[in-house]
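If you're matching positions, the sequence shown starts at 10 in the numbering used here and goes up one per residue.
We put the beta carbon where it would ideally sit given N, CA and C, even for glycine.
Every value quoted in this text rests on a predicted model; they were computed, and no experiment measured them.
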Amino acid sequence: MLMRTDPYRDFDRLAQQLLGTPAKPAGMPLTAFRDGQSFVLCLDLPGIDPASIDLDVERNVLTVRAQRRGGLPEGAQVLADERTLGTFTRQVFLGDALDTDRIEADYDQGVLTVQIPVTEKAKPRKIQITGRTRSGAPAAVRPPQEPQPTGVDSRREAINA
């Protein structure tokens, strides 16, 4: 049988047992995407009590904090312990085009889903053009039409990047 060993694993485990803290920083995996007129974040927080989750936004920085507590009975002999305990923190920097006053969050089956709407100013809109002919008479100009959903406009993406 082939076994892979990590010579530092025992040191990490010893540090965790002696100091009571994880030797590696706790992670909070994240998926981010845009869905229509909202920006959506999905963060994996399995085994977290929903009451321990704290979500703050300040100056376009969204901070997520959560805590996972241990559940071993006193006197239990640990044979394997790969679950990370303690406080998890993740910060996400939000753009100015997001409406941080209307953030919504939901925690279901170990996944925290955060929806942040796009501001009205950032949504595409048509601008009415006015003009005059060379003689000074008002020109016939079409009224603006509502923007139609289309594919990605690479020029617009480059400007917003």
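About 6 Å separates the Cβ atoms of Q46 and P126, confirming a contact at the 8 Å cut-off.
Counting only runs of 3+ residues, the beta strand (DSSP E) found wholly inside the region 22-108 occupies 39-44, 47-53, 63-67, 70-77 and 95-102, in chain order.
Looking at the DSSP output, A114 shares a beta bridge with V123. Taking C-beta separations shorter than 8 Å and ignoring five residues to either side along the sequence, the partners of V66 in its chain run T72, L103, T109 and I112, following chain order.
Taking 8 Å as the cut-off, the Cβ atoms of T96 and R74 count as close. If you draw a 10 Å sphere on the C-beta of V123, you find 16 or more other C-beta atoms in it, and that means buried.
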